[in-house]
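As structure tokens, the structure follows; a few thoughts come after it.
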Amino acid sequence: MNNARRQGSPPPRGRVALRQLGVADFPPPDRLKLPAEFERVRAEGKTQVGRLMLLNIMPAANGHSRLGVVSSRRFHKRAVARNRARRMMREAWRLIQPSLTAPLWVVLVARPYMLGRGAGEVQQELLAQLTKAGYLAS
């Protein structure tokens, strides 16, 4: 039997429920993906060091804000922990991005202290670091 959804049948419940709760996509045009893009931000941008994450920030090369997220095995050996850190950093960025004073390319690197912290703390840290760098109105 083909597992593809039949035409006219309702979409899966889980996906609909997530969208109704306000979970936003992180579309490919908003992502930094190429190693050269990550390197460029690290080489040409400012670095802000916080307790939970390290930020590499530079003005957007194309006038469109983009985000790159890093949580390596050095952060934690378990993929579950690394993925949770990535999700929290992306969500914090999604909420803060409309308040930026200018388009930016940002690379967020998870630090071990982020383990066990909540999304609110991650968002506060990102707000503080962007304000300190001068890219967010205080």
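So the sequence shown is numbered by the working numbering: it starts at 1 and just counts up by one. Ideal placement from N, C-alpha and C gives every residue a C-beta, glycine not left out.
Quick check on this structure: which residue in the options has the alpha carbon closest to the alpha carbon of residue i?
{"i": "P27", "options": "A36, H64, R117 and L52", "result": "H64"}
{"i": "R74", "options": "A110, L127, I96 and K33", "result": "A110"}
{"i": "P112", "options": "G120, A85, M58 and A60", "result": "A85"}
{"i": "L104", "options": "R51, G45 and M88", "result": "G45"}
Taking the Cβ atom as the reference point for each residue, do residue i and residue j lie within a distance shorter than 7 Å?
{"i": "L67", "j": "V122", "result": "no"}
{"i": "Q124", "j": "Q48", "result": "no"}
{"i": "S71", "j": "R82", "result": "yes"}
{"i": "R94", "j": "V69", "result": "no"}
{"i": "N140", "j": "R42", "result": "A query on residue 140 cannot be resolved here, the shown segment of the chain reaching from 1 to 138 and no further."}
{"i": "L115", "j": "I96", "result": "no"}
{"i": "L52", "j": "S99", "result": "no"}
Specify, as a first and last residue, the run of the beta strand (DSSP E) that residue i falls within.
{"i": "G68", "result": "R66 to V70"}
{"i": "P59", "result": "M53 to P59"}
{"i": "L104", "result": "L104 to A110"}
In the DSSP assignment, find the alpha helix (DSSP H) that holds residue i and state where it starts and stops.
{"i": "N83", "result": "A79 to I96"}
{"i": "K180", "result": "Since the first residue shown for the chain is 1 and the last is 138, residue 180 is missing from the structure and cannot be characterised."}
My guess is that residue i and residue j are in contact by the Cβ rule of under 8 Å, so how many angstroms apart are they, rounded?
{"i": "A92", "j": "A119", "result": "7 Å"}
{"i": "P35", "j": "A102", "result": "About 25 Å; that fails the 8 Å criterion."}
Name the DSSP bridge partner or partners of residue i?
{"i": "T47", "result": "N56"}
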